[in-house]
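Student: In this note's numbering, the protein residues as written are 5 to 119.
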Ligand code: 5GP
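#1: Quick check: what's the CA-CA separation for residue 52 versus residue 33?
#2: For residue 47, write down the residues that DSSP places opposite it in a beta bridge.
#3: At a threshold of 8 Å, does residue 99 count as lining the ligand 5GP (C-beta to nearest heavy atom)?
#4: When every heavy atom of the ligand 5GP is checked, does at least one fall within less than 8 Å of the C-beta of residue 77?
#5: Quick check: what's the CA-CA separation for residue 22 versus residue 69?
#6: Taking the alpha carbon of residue 20 as the point to measure from, which residue in 12, 47, 88 has its own alpha carbon closest?
#7: Taking a contact to mean a Cβ-Cβ separation below 9 Å, would you say residue 105 touches residue 10 in this structure?
#8: With a cut-off of 8 Å on the beta carbons, I'd call residue 109 and residue 86 a contact; round off their distance for me.
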């Protein structure tokens with residue numbers, strides 16, 4: 005059994021962070037270090053999958069639920085327009101190995117991916 009991830013510790017209340025929305029299998033919080041006017045994290049309640057590749061292979065229905073939940077949150081927080089980012093691997097910036105998606109929105113600066 006692996007150590008609880010930081011997101012599991014937030015889910016259980018051990019680390020304080022407001023859970024802004026949840027379903028039976030997913031929850032959402034605000035990122036503690038926002039990179040955009042809206043920066044949310046959508047996280048499976050299970051920490052079984054370390055990244056989006058493992059999630060897609062192990063439970064594709066949960067990945068589809070995550071995307072639908074992200075779209076619903078984006079409707080509420082940033083007019084339904086958003087970037088959905090899964091950092092995958094330490095060299096790509098992943099620091100928490102409990103799969104999660106970043107929702108970025110609310111007026112994004114121009115950048116290499118943003119055009
Ligand atoms: P990653 O770098 O793994 O793609 O994303 C992890 C994200 O979790 C980072 O953007 C980081 O700011 C966020 N984060 C780390 N610790 C906490 C915390 O205790 N509370 C919240 N709300 N976000 C956190």
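Cβ atoms here follow ideal geometry from the backbone N, Cα and C, with glycine treated the same way.
Tutor: On the basis of the supplied data:
#1: Here residue 52 is taken as the residue at index 48 of the chain shown, counted from 1. Here residue 33 is taken as the residue at index 29 of the chain shown, counted from 1. Going from the Cα of residue 52 to the Cα of residue 33 covers about 19 Å.
#2: One-based indexing of the chain shown puts residue 47 at position 43. Beta-bridge pairing links residue 47 to 31.
#3: Walking along the chain shown from the start, residue 99 turns up at place 95. Because some heavy atom of the ligand 5GP lies under 8 Å away, the Cβ of residue 99 counts as near it: yes.
#4: Stepping through the chain shown from its first residue, residue 77 is reached at position 73. No, since every heavy atom of the ligand 5GP falls outside the 8 Å radius drawn around the Cβ of residue 77.
#5: Counted from its first residue, the chain shown places residue 22 at position 18. Counted from its first residue, the chain shown places residue 69 at position 65. Using only the alpha carbons, I get a separation of about 21 Å.
#6: Indexing the chain shown from 1 puts residue 20 at position 16. Of all alpha-carbon atoms in 12, 47, 88, the one lying nearest the alpha-carbon of residue 20 is that of 12.
#7: In the chain shown, the residue the question calls residue 105 occupies position 101. In the chain shown, the residue the question calls residue 10 occupies position 6. For the pair residue 105 and residue 10, the CB atoms are not nearer than the 9 Å cut-off.
#8: If you number the chain shown from 1, residue 109 lands on position 105. If you number the chain shown from 1, residue 86 lands on position 82. Yes, residue 109 and residue 86 are in contact; Cβ-Cβ is about 4 Å, under 8 Å.
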